[in-house]
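Step one of this worksheet: look at the structure below.
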Amino acid sequence: MTRPARAYAAAGVDLAFGREAKEGLRAAAESTRTPLVVHGFGAFGGAIRVPPGYAEPVLVTSIDGLGTKLHLAIAWGRARDAGRDLVNHCINDIAVHNARPLAFQDYVASGSLGTAVLVALVEGMAEACRVAGIALVGGETAQMPDTYQPGAYDVAGAIVGIAERSLMPSPAAVMAGDVLVGLPALGLHTNGFSLARRTAERLGPEHRVGDANLADALLAPHPSYLPQLQRAFGVPGTRVAAHITGGGLGENVPRVLPAHLAARITLGAWRVPPVFDTIQGDQGIGDAEMYQVFNMGVGLTIVAAPSASERLLAELPGAFRAGVIVPRRGDGVELAGA
Numbered sequence: 013m014t015r016p017a018r019a020y021a022a023a024g025v026d027l028a029f030g031r032e033a034k035e036g037l038r039a040a041a042e043s044t045r046t047p048l049v050v051h052g053f054g055a056f057g058g059a060i061r062v063p064p065g066y067a068e069p070v071l072v073t074s075i076d077g078l079g080t081k082l083h084l085a086i087a088w089g090r091a092r093d094a095g096r097d098l099v100n101h102c103i104n105d106i107a108v109h110n111a112r113p114l115a116f117q118d119y120v121a122s123g124s125l126g127t128a129v130l131v132a133l134v135e136g137m138a139e140a141c142r143v144a145g146i147a148l149v150g151g152e153t154a155q156m157p158d159t160y161q162p163g164a165y166d167v168a169g170a171i172v173g174i175a176e177r178s179l180m181p182s183p184a185a186v187m188a189g190d191v192l193v194g195l196p197a198l199g200l201h202t203n204g205f206s207l208a209r210r211t212a213e214r215l216g217p218e219h220r221v222g223d224a225n226l227a228d229a230l231l232a233p234h235p236s237y238l239p240q241l242q243r244a245f246g247v248p249g250t251r252v253a254a255h256i257t258g259g260g261l262g263e264n265v266p267r268v269l270p271a272h273l274a275a276r277i278t279l280g281a282w283r284v285p286p287v288f289d290t291i292q293g294d295q296g297i298g299d300a301e302m303y304q305v306f307n308m309g310v311g312l313t314i315v316a317a318p319s320a321s322e323r324l325l326a327e328l329p330g331a332f333r334a335g336v337i338v339p340r341r342g343d344g345v346e347l348a349g350a
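For the sequence shown, the numbering used here begins at 13 and goes up steadily by one.
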């Protein structure tokens, strides 16, 4: 059995790597175990029970990655942060459907990756899972030396949640005159990094951006909006919510609106984090393109009836009135003041 192992190692695959990492990965996964878990780490497939109390349960799934934000996380040694961001991104994508997240799985592919980096990455995922009450029920680690350079890796995550069918938001409920409530983004989150990385290469990680350096500003956490969304969907008159990811406000807000309505967004209604000014100034990008590429400080939007919006603005920390829903005359988003 030693000769095949040596041959595989000569081909660039280290069989000992998985064995060395296994205990650290197991500890991270087991720290997230919930009473719903039937089979978790080490099984061929993760298995979870459907929680009781749903009249018409609907499973809600999503899968995503970190895009080229991962390049900076690798270069600046922030694997744990990358794992956390991955989970939170996936949580938000199903939480806007009023879904409760249940389980998460990951896929990590690399050429050659140190055990400490892999464990840190998964520990970051586990940390975010524990906060949200999600079970990390397994994952896959692939060594692909002919595909990835040494030290480089890619990561993706898949999430499954559950929703009550009658309580899932629908664009059909949105009406003209409804209010668009925004929740602040901490930074770029996980989008726009193919462009932002050029600024990082030019200015360097220690360049000052407000009270932080550029590395911290670019790798600011992608937060989970699960608590805010759960609270919002408990307020009568809350209609729909949108996670502001790739394509910014212009592409994501219309995804939850009926075809005959648009969102008129009031520029200046919220604080735009200074990292966006740094990128814009360095790259010479116009305002219109900035709003097409980046979230520009808006991580999530919620459409609510006027009376409900007042409650949301009062009860959700940092919430602001971002605009209003109007009859559509052109694009699905109008930037007032642009």
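Positions of the beta carbon are idealized from the N, C-alpha and C atoms, including for glycine.
In the structure shown, Tyr160 adopts coil according to DSSP, grouped into three states. Per DSSP, Ser321 has no beta-bridge partner at all.
Val72 and Gly216 have their C-alpha atoms roughly 40 Å apart. The alpha carbon of Ala175 has as its nearest neighbour, out of Gly349, Thr278 and Arg112, the alpha carbon of Arg112. Here the C-alpha atom of Asn264 lies approximately 42 Å from the C-alpha atom of Glu32.
Per DSSP, the continuous alpha helix (DSSP H) segment holding Asp93 begins and ends at Ala91 to Ala107.
Within the model, the alpha-carbon separation for Ala147 versus Ala41 is close to 7 Å. Each residue's CA atom was taken as its position, placing Thr211 and Asp294 some 6 Å apart. Residue environment: Pro63 is assigned as exposed (fewer than 16 neighbouring CB atoms within 10 Å of its CB, all protein chains considered). Linking Val186 to His101 through their CA atoms gives a straight-line distance of about 25 Å.
DSSP lists Gly194 as the bridge partner or partners of Phe332.
Thr290 carries a helical assignment under DSSP once its states are collapsed to helix, strand and coil. Relative to Ile106, the option among Met137, Leu241 and Gly311 whose CA is nearest is Leu241. With contacts defined by Cβ atoms closer than 7 Å, Met302 and Gln292 form a contacting pair.
Pairing Arg92 with Met137, the inter-Cα distance amounts to about 7 Å. Straight across, the Cα-Cα distance linking Leu82 with Gly298 is about 26 Å. Gly77 and Ala168 do touch by the CB rule: their CB atoms are close to 4 Å apart, below 8 Å. In the three-state reduction of the DSSP assignment, Val62 falls in the coil class. Pro183 sits away from Leu261, with the two beta carbons spaced by 7 Å or more.
Here Ala144 is not near Gly58, since their CB atoms are 7 Å or more apart. Non-local C-beta neighbours of Ala85 in its own chain, meaning closer than 7 Å and more than five positions away in sequence, comprise Ala91, Asp93, Ala94 and Leu231, ordered along the chain. In this structure Asp158 is exposed. Its beta-carbon is surrounded by fewer than 16 other beta-carbon atoms within 10 angstroms. Going by DSSP, Leu82 is part of the alpha helix (DSSP H) stretching over Lys81 to Ala87. Close CB contacts of Arg333 within its chain, under the 8 Å cut and outside five residues either way in sequence, are with Val191, Leu192, Val193, Gly194, Thr278, Ala281, Ser321 and Leu325 (chain order).
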